[in-house]
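Residue numbers (our numbering), protein chains in the order written: chain A, 1 to 836; chain B, 837 to 963. Just so you know, even glycine gets a beta-carbon here, dropped at the ideal spot from N, CA and C.
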Amino acid sequence: MTTALGEFSPDERAAQEERLRKAWETPKGWRYWTSVNNSQIGLWYGVTAFGFMLFAGVLALLVRLQLAVPNNDLLTADFFNQAFTLHGTVMMFLFAVPIFEAIAIFLLPSMLGARELPFPRLSAFGFWSFLLGGVFVCGSIFFNSAPSTGWFMYPPLATSKEYSGIGADIWLLGLSFIEVASIAAAVEIIVGIMKCRAPGMRINMMPMFAWYLLIVAGMILFAFPPLIAGDILFEMERMFGWPFFDAERGGDPLLWQHLFWIFGHPEVYIIFLPAIALMAMIVPTFSQRPIVGYSWIVLAAVGTGFLSFGLWVHHMFTTGLPQISLAFFSAASEAVVIPTGVQIFVFIATMLAGRVIFSVPMLFGAGGLVVFVIGGLTGVMVALVPFDWQAHDTYFVVAHLHYVLIGGMLFPIIAGIYYYFPFFSGKKLSDAWGKAAFWLMFVGFNIAFFPMHFSGLRGMPRRVFTYPGDVGWDWFNLISTIGAFIFATGVLTVVVDIFRPKTKLNDLNPWRSGTLEWTNNPDESWGMRSVPIISSRYPLWDQPGLQRDIEAGRYYLPDAQSGRRETLVTSVLDAEPIQCLRVGGTSYVTIVAALALGGVFIALTFHWWITTIVCAVITLMAILYWLWTGTAEIPPTPEMDVGLGKSLPIYVSGPASVGWWAMFITMVGDGTAFASLMFGYFFYWTIHDDFTAGLNGPGVFWPSVAIALFIVSWGLMLAARHLNRGDKIAGARLALIFSLAASLGGSVAGLLGPYVYDMQPTTHVYPAIVWIIVIWAVVHAVVGCIMQLYCLARSFAGIMTARYDQDIVNVTLYWHFLTITAVVSFGVVGLFPLVR
Amino acid sequence: MKHLLPPEIESLWTLFTAPVVWAAHFVVCYAAVAIYCEKAAVWDVDFGNVRTALGIFTLLALAMIVLSAYLAWRQWGFGAGDPPHDGATDQDRKRFQGFATLLLSGLSFVAVVYVAIPLIFIAGCQQ
Chain A
1 MTTALGEFSP DERAAQEERL RKAWETPKGW RYWTSVNNSQ IGLWYGVTAF GFMLFAGVLA
61 LLVRLQLAVP NNDLLTADFF NQAFTLHGTV MMFLFAVPIF EAIAIFLLPS MLGARELPFP
121 RLSAFGFWSF LLGGVFVCGS IFFNSAPSTG WFMYPPLATS KEYSGIGADI WLLGLSFIEV
181 ASIAAAVEII VGIMKCRAPG MRINMMPMFA WYLLIVAGMI LFAFPPLIAG DILFEMERMF
241 GWPFFDAERG GDPLLWQHLF WIFGHPEVYI IFLPAIALMA MIVPTFSQRP IVGYSWIVLA
301 AVGTGFLSFG LWVHHMFTTG LPQISLAFFS AASEAVVIPT GVQIFVFIAT MLAGRVIFSV
361 PMLFGAGGLV VFVIGGLTGV MVALVPFDWQ AHDTYFVVAH LHYVLIGGML FPIIAGIYYY
421 FPFFSGKKLS DAWGKAAFWL MFVGFNIAFF PMHFSGLRGM PRRVFTYPGD VGWDWFNLIS
481 TIGAFIFATG VLTVVVDIFR PKTKLNDLNP WRSGTLEWTN NPDESWGMRS VPIISSRYPL
541 WDQPGLQRDI EAGRYYLPDA QSGRRETLVT SVLDAEPIQC LRVGGTSYVT IVAALALGGV
601 FIALTFHWWI TTIVCAVITL MAILYWLWTG TAEIPPTPEM DVGLGKSLPI YVSGPASVGW
661 WAMFITMVGD GTAFASLMFG YFFYWTIHDD FTAGLNGPGV FWPSVAIALF IVSWGLMLAA
721 RHLNRGDKIA GARLALIFSL AASLGGSVAG LLGPYVYDMQ PTTHVYPAIV WIIVIWAVVH
781 AVVGCIMQLY CLARSFAGIM TARYDQDIVN VTLYWHFLTI TAVVSFGVVG LFPLVR
Chain B
837 MKHLLPPEIE SLWTLFTAPV VWAAHFVVCY AAVAIYCEKA AVWDVDFGNV RTALGIFTLL
897 ALAMIVLSAY LAWRQWGFGA GDPPHDGATD QDRKRFQGFA TLLLSGLSFV AVVYVAIPLI
957 FIAGCQQ
C-alpha cells in the first residue's frame with residue numbers, strides 16, 4: 001500500500017483519544033446495562049450462555065446419579081424426564097449456539113478491523129431476548145413444569161396435554177423467542193463479515209474464523225426457520241386443536257420429525273464449525289506459521305455447510321420411510337465425512353509444518369480433536385442404515401453424540417477461553433490449572449462416555465429412568481457416573497481458574513498471534529484506535545509497525561469529531577472503503593423491545609390473551625420508536641473525511657447499504673420458514689390419496705382476486721419508489737396509499753376464500769394447513785402495511801426524501817418477498833386442488 | 837467454444853454454484869422418490885422410469901458441476917500460480933476464488949455421485 005499515513009502531534013492524538021473515548025464511552029452505574037457495545041454484549045452473552053451450560057451440567061449429574069445403580073429411586077420418573085429434556089434443550093439452544101453468537105459478536109469487529117458490527121442495538125436486543133427466554137425455560141424446572149418429552153419433542157407424546165403438561169408450551173414458545181435472537185445474530189454476523197472489514201482485507205485474506213462464521217450464519221438462516229414453522233404448527237395444535245400432527249384427523253407426526261431435523265442436523269454443524277473456527281485461529285499461532293491449505297478450509301466450511309442439509313433423515317431411519325430414501329441420506333451422511341476430514345488434516349499439516357508450542361489452548365484443542373474423531377467414527381457407523389436400526393435410541397447414540405459435541409465443541413470452547421482470555425481481560429489464565437483441568441476433563445469424559453457404547457450395544461435404551469440389575473448394564477453405568485463427576489471436577493477447575501485473582505499482563509499479544517484482534521487494548525472501548533489497511537492474512541506477523549501505527553491513529557477514522565460512533569463499510573470482494581457508517585449507541589429501547597416481546601411469548605404460554613396483546617403493542621411501539629430515532633438519519637453533511645485524504649458518504653441506500661442487506665437476509669430466512677409451511681402442504685398431499693378428505697377448499701375465485709390485488713400492490717410499490725426517487729413526492733405518497741389499500745384488499749380477499757367455504761381447521765388437517773398458509777401471507781401483508789405507513793410518516797416528516805430514501809427502498813425489497821409469498825400461497829391453496 | 841461460456845463474473849456467489857447444484861440434485865432425487873413411493877399405486881408409473889429420469893438428471897447435474905469447475909479453473913488462471921494466493925492483489929483474490937471454487941466443484945461432484953449410487957443398487961421403494 002502506498003497511501004501516505006497520517007501524522008499527528010502528541011497533543012492532537014490526546015484530543016482525538018478524548019473524543020473517541022467519549023463517543024464510545026460505556027455508561028456508568030446501573031445504566032451500564034443499557035450498553036450496546038459489542039464488547040459488553042459479547043461478554044454478557046458469553047457469560048450467560050456459560051452459566052446455562054453449568055446449570056445443564058448439574059442436571060446431567062443428577063441424571064447420572066439416578067442411573068448409577070439399578071432400581072434407583074433418587075429421582076422420580078417425571079423429574080428424571082424433566083432433567084434430561086432440559087439438559088439437552090439447554091445445552092443445544094442456550095449454550096452451544098448462543099456461545100458462538102457471543103464469541104462472534106465479541107471477536108469479529110476486532111478481527112475484521114471494524115469498530116463495531118453494523119447493528120449493535122440488534123445484538124443487544126438479541127442478548128436480552130436470549131436472557132429472558134433462557135431464564136423462562138430453565139426456571140420452569142423449579143416449578144416442576146419443565147418440558148419432559150425429550151429435547152426433540154416428538155408428537156403425539158408432546159402434543160398430548162395429558163402427558164406433557166405446560167412444559168411443552170414453555171419449550172415451544174421459550175425457544176421460538178430464542179430462535180428470533182439467533183436469526184438476529186445471523187443477520188448481524190453476515191452483514192458484518194461481508195461489509196465491515198478493514199480496507200484491503202480482501203476475501204482471500206479474511207481470518208479463518210470469519211469464513212466459518214459467514215457460513216454458519218448462512219446455515220442459521222436456512223436451518224432455524226423450518227423449526228419456527230414447525231413450532232407454529234405445533235403450538236396451533238396444542239392451543240387450538242388444529243390437527244397438524246394428529247393422525248386421526250389427517251395429520252402426521254412425521255411432519256414434525258422432518259421439520260425438527262431439517263433444523264436439527266444442520267444445527268450440529270452450526271455448533272461444530274465455529275469451534276473448528278476457533279481451532280483455525282489457535283493452531284497457526286502455536287504452530288508459529290500461517291495455516292496450511294487456507295483454500296481447503298474454505299472448501300471444508302462451505303462443503304460441510306451445504307452437505308449438512310442433506311442428512312436430516314438419518315435421525316429417522318427407523319420411521320418406515322422407503323429404503324431408497326434412507327439410502328440417499330445415508331450416502332450424504334458418508335459424503336460429509338470428506339470435508340470434515342479435510343479440516344482435521346489441515347490442522348495436522350499446519351502442526352507438522354510449523355514448530356508447535358504445546359500450550360493449554362493447544363492441549364484442549366488437540367484433546368478435543370481426538371475425542372471428536374472417535375465420535376466421527378461412530379458417526380460413520382450409525383450413518384449406515386442396518387447398523388442404525390440396531391443402535392437407534394440406545395446409549396450407543398448417546399455416546400456418539402456426546403463424543404461429537406464435547407470433542408467438537410466443548411473442548412475447543414475451553415481452548416478458546418484460555419486463548420482469548422488475555423484479549424478481553426488483559427490477564428492470562430494459569431497454565432498449571434489449565435493442564436489439571438484438561439486432564440480431569442479428558443480422562444473423566446472418556447470414563448463417562450466410552451462405556452456407554454457398550455451399555456448401548458447391550459441394548460440399554462436412552463431416556464429410561466432406571467433399569468433392572470440383572471441385564472448387564474449396571475457396571476457400565478456406575479463407571480459412567482464416576483467419570484461424569486471427574487469430568488465435572490475438570491469443568492469446575494476451569495471456572496475457579498477464571499475467577500481466581502490474576503495479575504495484569506503488560507503485553508497486548510502474549511501468544512505472538514498474527515491476527516488483527518490482538519492489536520486491541522482491552523481497557524479502551526473503541527476497539528481499533530484507527531482502522532488499518534491490511535495486506536496480509538496475518539498482519540501482525542507481516543506488516544511491521546502495524547501496532548504502533550494503529551495506536552498512533554495513523555490510519556482511517558482516527559478521530560470522532562461528530563461525537564458519534566463510526567465504523568467503515570467496505571466492498572464485499574476487495575474491501576475498498578465505500579461508506580462511513582454511524583452505528584447506534586447506548587439505548588434502553590432494545591431492552592424494552594426484548595422484554596415486551598418476551599412478554600408476548602410468556603403470556604401466550606399461559607393463554608393470557610389480553611397480556612399478549614398489550615405486550616405485542618408495546619413491542620411494536622418500541623420497535624417503531626427504535627427505527628424512527630435510530631435509523632436512516634439524514635446526516636448534516638453528505639460526506640465525511642475519514643482520514644488519509646479520503647472522504648466517504650455517510651448515508652447510502654439500496655444494495656450498497658447495510659440496512660438493505662439486513663432486510664434481504666431476514667427475508668431469506670422468512671422465505672425459508674414459508675417454504676417449510678408449503679412443504680407441509682405438499683407433505684399432506686403425498687401421504688393421502690385425497691388430501692382434502694372430500695372437504696371444501698377455498699375455491700378459485702377469492703384466491704385469484706387476492707393474487708391480482710397483491711400484484712397490483714407490488715406494481716404500485718415500485719411506482720412509489722420510482723416517483724420518490726424522481727422527487728415527485730406527492731405522487732409517491734399517493735402510490736404508497738394505493739399500494740397499501742391494494743394489499744389490505746388482497747388480504748381480505750385471501751381470508752374470504754376459506755371463510756366463505758366454511759373451512760373448519762379443527763376438523764381435519766386440510767382446512768388447517770390452508771388456513772395457516774393464508775394467515776401467514778396475511779400477517780406479512782399487515783406487517784408490510786405498517787412499513788408503508790411508516791414510510792408515509794417519514795415522508796411527511798421530511799426525513800425520507802428523493803436523496804435519502806433508504807426506508808422506501810428497503811420496504812420495496814420487502815414487497816418483492818411479500819409478493820412471492822402471496823402469489824405462491826394463494827396460487828397453491830386456490831389452484832393446486834384442481835390440478836392434483 | 838469459448839464464446840459460448842459465460843464471461844467471468846466478479847462475485848462472491850460463484851463460489852456456491854457447485855454446492856447449489858448438489859443441493860438441487862439431492863432435493864429432486866429425494867422428492868421424486870418420496871412422491872413416487874406414496875403415489876405409485878395411483879399413478880401406475882414403473883420405478884424403472886423414475887430411475888432413468890433421475891439418472892439423466894444426475895448426468896445433467898454432473899455436467900453443470902463440470903462446467904462450474906471449468907470456469908473456476910479459468911478463474912484460477914488454469915493453474916498458472918500455486919496457492920496460497922494470499923497476496924494483496926486483485927489477481928491473488930481472483931485466483932483464490934477460482935481455486936476454492938474448483939475444490940468445491942470436486943467435492944460436489946463426488947457428493948452427487950454418492951447420492952446417485954442408491955439408484956443403481958435399489959430397484960424399488962422397499963417400504
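Residue contact check for B:Tyr906 against chain A: no CB pair falls below 8 angstroms. Membership of A:Cys580 in the beta strand (DSSP E) is indicated by the continuous run 577–582. Secondary structure of B:Asp880 (DSSP, three-state): coil. Taking C-alpha positions only, B:Ser941 is separated from A:Phe328 by approximately 20 angstroms. Straight-line spacing of the CA atoms in A:Pro225 and A:Ser182 works out to 10 angstroms. A:Val531 sits in a strand when the DSSP states are folded into three classes.
For A:Glu162, the uninterrupted alpha helix (DSSP H) run begins and ends at 161–164, by DSSP. By the Cβ criterion, the region 434–454 of chain A is in contact with the region 471–484 of chain A, since at least three pairs of Cβ atoms, one from each stretch, lie closer than 8 angstroms.
Of the residues assessed, A:Lys28 falls on the exposed side of the cut-off, its CB having fewer than 16 other CB atoms within 10 angstroms. Residue state for A:Lys504 is assigned as strand, using DSSP reduced to three classes.
Taking a beta-carbon distance threshold of 8 angstroms, A:Ser743 does not count as an interface residue toward chain B. Taking a cut-off of 8 angstroms on C-beta distances, the region 848–866 of chain B touches the region 943–953 of chain B, as three or more cross pairs fall below it. Close to B:Ala868, with beta-carbon spacing below 8 angstroms, lies no residue of chain A; the smallest spacing is near 10 angstroms. If you keep only unbroken beta strand (DSSP E) runs of at least 3 residues inside the region 681–739 of chain A, you get nothing at all. Per DSSP, reduced to three states, the secondary structure at A:Met640 is strand.
In the three-state scheme derived from DSSP, where H, G and I count as helix and E and B as strand, A:Val569 is classed as strand. Within chain B, Pro954, Ile958, Gly960, Cys961, Gln962, Gln963 have C-beta atoms less than 9 angstroms from the C-beta of A:Gln323, given in sequence order.
For A:Leu627, the enclosing alpha helix (DSSP H) begins and ends at 609–630.
Taking the CA atoms as reference points, A:Ile550 sits about 34 angstroms from A:Ile271.
Residue environment analysis places B:Pro842 among the exposed positions, since fewer than 16 neighbouring C-beta atoms fall within 10 angstroms of its C-beta.
Within chain B, the residues placing a beta-carbon under 7 angstroms from that of A:Gly310 are Phe862, ordered along the chain.
Within chain B, Gly923, Ala924 have C-beta atoms less than 9 angstroms from the C-beta of A:Ser535, given in sequence order. A:Arg202 has a beta carbon lying within less than 8 angstroms of a beta carbon in chain B. The beta carbon of A:Gly715 does not come within 8 angstroms of any beta carbon belonging to chain B, so the residue lies off that interface. Ranked by Cα distance from A:Phe817, the first of A:Val705, A:Ala673, A:Gln257, A:Leu516 is A:Ala673.
In the three-state scheme derived from DSSP, where H, G and I count as helix and E and B as strand, A:Leu818 is classed as helix. Between the region 194–206 of chain A and the region 233–253 of chain A, the count of C-beta pairs closer than 8 angstroms stays below three; the two stretches do not touch. Taking all protein chains shown into account, A:Arg238 has 16 or more neighbouring C-beta atoms within 10 Å of its C-beta and is therefore buried.
Here DSSP, grouped into helix, strand and coil, assigns A:Pro649 to strand. With its beta carbon less than 8 angstroms from one in chain A, B:Glu846 belongs to the interface. For the set A:Arg289, A:Val298, A:Phe263, A:His453, the Cα lying nearest the Cα of A:Ser308 is the one of A:Phe263.
Neighbours of B:Arg929 in chain A, taken as residues whose beta carbon is under 7 angstroms from its own, are Arg202, Ile203, Asn204, Leu573, Asp574 in chain order. Check the Cα spacing between A:Leu478 and each of A:Leu5, A:Val829, A:Arg64, A:Ser295: the tightest is with A:Arg64.
Only buried fits A:Thr692, as 16 or more other CB atoms lie within 10 angstroms of its CB. With three or more CB-CB distances shorter than 8 angstroms, the region 702–717 of chain A counts as touching the region 734–747 of chain A. Beta-bridge analysis with DSSP links A:Tyr556 to A:Val531.
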